[in-house]
Structures are given as structure tokens and as C-alpha cells.
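For reference, each letter of the sequence shown is one residue, going 908 to 1154 in this note's numbering.
Positions of the beta carbon are idealized from the N, C-alpha and C atoms, including for glycine.
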Amino acid sequence: MFKNKVALITGASRGIGRACALKFGSEGAKVVVNYHDSLTQAQEVVREIEHGGGEAVAVQGDVSKRQDCEQLVEKTVKKFGRIDILVNNAGIHRESPIDMINEEAWDDVMACNVKGIYMLSVLAGNQMKKQGKGVIVNIGSVAGIFPRDVNTAYAVSKGAVWSLTRALAISLAPEIRVNAVAPGVIETDMSPLCDPAKREKVARSNLRRRIGQPEDIARIVAFLASDEADWITGQTVVADGGSSLVV
């Protein structure tokens, strides 16, 4: 599906990002596995892609910093010659009620979850426009629609991803499509579900009666990045197993 395409995936050393990297690698894409501080895990993702006959490279970078974003795009183009797909997955979470979160934590969340997507999308978008075509997929969250009092900064940042996705789709058209996926609870190290009682509660809170997996999201991301989704842009796909319909 993605033969000869180059996919840059942020936060790809674990969780949803890892699943996306493996999915694109298995479908023939050359994958740039971005990581912040998890070098060993990023190298494991690269090895797994290579073991399957694919091509990948791990590149360090903090997406909240413009210089790192610039270098990430530059290194991708230097290594593979182009960028066809950008998956803005990197994100952080600071759990705290709105009246207790400190300014530094708030700024950290916004810098990574919102500004990072903006900067990388513009930088990668410039490269994609030179090529005449490209696709960007942002990872949001249903928390952006249904916030809780303990995750205010995260929820606000993910709400911003919805709006930013639409704005980017307008600004980067017609050469570049921009969409987003808003997952519900997914079993990753960012939302550990070790307690059996909690696992059962989460499984019962959606219409599919199971816990979402990173691979569930990776398949949707791959579809949105494919030519099969050529008529879709500026949209956010809610992928929560129907939990937002359960009262």
C-alpha cells in the first residue's frame, strides 16, 4: 500500500506511534521512527521493521522545540529524499485539576501536543508541497470532546488538535490532506490498565466490550494516509469503541 512512500512518525518508540510505525513498515513504507528519550525502544522498532524486510531509521527529537522539528524534517529528507506521510503522534499528559495545575506543566502540554503538531505540519508541509502531494494524520483524543476535571490541560490540548486539523487542511490544500484520529482509552504505557477491576470497567464502558489496542488506531491512521481516503480531509475520526455513546 505504501511502497516507495516515506512516513515520518513522531513518538514512535511505543504505544500508538510504535503500532503506526510497524503498520507502515509492513505495508512497504520507509519509516522514520522519531523518539524523545527512548532510544532503546526506538531501535527495537527499527529492528522489527527491518526484520520484516522494511527500511527504517530512528531519529531523536523533541517536537516542542522548533530546532528539533527542523532537524527532524531535514534528516528525513536527507535519508530518504522526501516525506509523503507525517503522523503527529507525540504527546504528553499531566493529570491535574484546572485549579491545581501549574503554569509550567500547562505550557509543557501545549508545547508538545499543539505547538509541535503546528510546527512539524508546516515544516513537513513545505516539503510535501515541493513534491506536489502529501498526507498528515494527527492523533487527538476523545478527551478533547469529553474532558474530565483531572485532565484539563491534556483535554484542552486535544480539543485544539481538532481545530488545528481543520485549519491545516484549509491552509495546506489542495496538495496536502490533513485528518485526525481521536482514540478513546487505548492500552498503552500512557494509560496503564494493570488492575483487573479497572480493565473490566473500561471494557464495559464501550459498545465493543473490550479494551482498545494501539493496532486498532494504527489501522485507521494507515487508511487515512492511503489513496483510498483521497476524498477525506479536515476530518477527525472518533475511534473509541462507541464509549462516547454509552451513558
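Check: With distances taken between CB atoms, is the gap from Glu951 to Leu929 smaller than 8 Å?
Finding: Counting from 1 along the sequence shown, the entry for residue 951 is found at position 44. Counting from 1 along the sequence shown, the entry for residue 929 is found at position 22. No, these two residues do not count as a Cβ contact at 8 Å.
| task | Under 7 Å Cβ to Cβ from Ala1050, same chain only, skipping five residues before and after it: list those, please. | result | In the sequence shown, residue 1050 corresponds to position 143, counting from 1. So the list reads Asn1058, Tyr1061, Ala1062, Lys1065, once near-sequence residues are dropped.
- Kindly indicate the opening and closing residues of the alpha helix (DSSP H) around Ala1129. For the purposes of this step, residue 1129 is taken as residue 222 along the sequence shown, with counting starting at 1. Where Ala1129 is concerned, the enclosing alpha helix (DSSP H) stretches over 1121-1132.
Contact defined as beta carbons within less than 8 Å: I believe Ala926 pairs with Ala1125. What is the distance between those atoms, to the nearest angstrom? Within the sequence shown, numbered from 1, the residue matching residue 926 stands at position 19. Within the sequence shown, numbered from 1, the residue matching residue 1125 stands at position 218. Rounded, the Cβ-Cβ distance is 4 Å, consistent with contact.
Which stretch, first to last residue, makes up the alpha helix (DSSP H) that contains Pro1156?
Nothing can be reported for residue 1156: it is not among the residues displayed for the chain, which extend from 908 to 1154.
Worksheet item: At which residues does the alpha helix (DSSP H) containing Ala1031 begin and terminate?
Response: The residue given as residue 1031 occupies position 124 in the sequence shown. Per DSSP, Ala1031 belongs to the alpha helix (DSSP H) from 1023-1038.
Open item on the list: In this structure, how does DSSP classify Ser1064 when only helix, strand and coil are distinguished?
Closed with: To locate residue 1064, count along the sequence shown from 1; it is residue 157. Three-state result, Ser1064: helix.
Query raised in the report: How would you call Leu915, buried or exposed, if buried means at least 16 neighbouring beta carbons within 10 angstroms?
Result: Working through the sequence shown from its first residue, we reach residue 915 at position 8. Per the 10 Å Cβ criterion, buried.
So what does Asn941 bridge to, in DSSP terms? Against the sequence shown, residue 941 aligns to sequence position 34. Asn941 is bridged to Val966.
In its own chain, which residues sit with a C-beta less than 6 Å from the C-beta of Gly935, not counting the 5 before and 5 after it?
Position 28 of the sequence shown holds residue 935. The answer, listed in chain order, is Phe909, Lys910.
inquiry  = Distance check for Cys1019 and Val1068, CA to CA, integer angstroms please.
reply    = Here the question's residue 1068 lines up with position 161 in the sequence shown. Here the question's residue 1019 lines up with position 112 in the sequence shown. Taking the straight line joining both Cα atoms gives about 11 Å.
Worksheet item: Between Leu1071 and Ile1052, what straight-line distance do the alpha-carbon atoms span, to the nearest angstrom?
Response: Numbered from its first residue, the sequence shown carries residue 1071 at position 164. Numbered from its first residue, the sequence shown carries residue 1052 at position 145. If you take the alpha carbons of Leu1071 and Ile1052, they lie about 14 Å apart.
*asked:* With the cut-off set at 8 Å, would you say Asn941 and Leu993 are in Cβ contact?
replied: Looking up residue 941 in the sequence shown gives position 34. Looking up residue 993 in the sequence shown gives position 86. Their beta carbons are not under 8 Å apart, which means Asn941 does not touch Leu993 by this criterion.
Worksheet item: In chain order, what residues of the same chain lie with their CB nearer than 7 Å to the CB of Ser1133, ignoring the 5 residues before and after it?
Response: Position 226 of the sequence shown, counted from the first residue, corresponds to residue 1133. So the qualifying residues of the chain are Met908.
Assuming contact is defined by CB atoms lying nearer than 8 Å, are Ala1031 and Ile990 in contact in what I supplied?
By one-based count along the sequence shown, residue 1031 stands at place 124. By one-based count along the sequence shown, residue 990 stands at place 83. Yes, the Cβ-Cβ distance between Ala1031 and Ile990 is below 8 Å.
Can you check DSSP and say which residues form a bridge with Thr1143? Translated into the one-based positions of the sequence shown, residue 1143 becomes position 236. DSSP, once it has assigned bridges, lists Ala1087 as partnering Thr1143.
Practice problem: Give the DSSP-derived three-state secondary structure of Ala914 in the structure shown. | Solution: Position 7 of the sequence shown, counted from the first residue, corresponds to residue 914. Ala914: strand per DSSP, three-state reduction.
Task: Under the three-state DSSP convention, the category Ser1003 falls into - done: The sequence position of residue 1003 within the sequence shown is 96, counting from 1. Ser1003 falls in the strand class under three-state DSSP.
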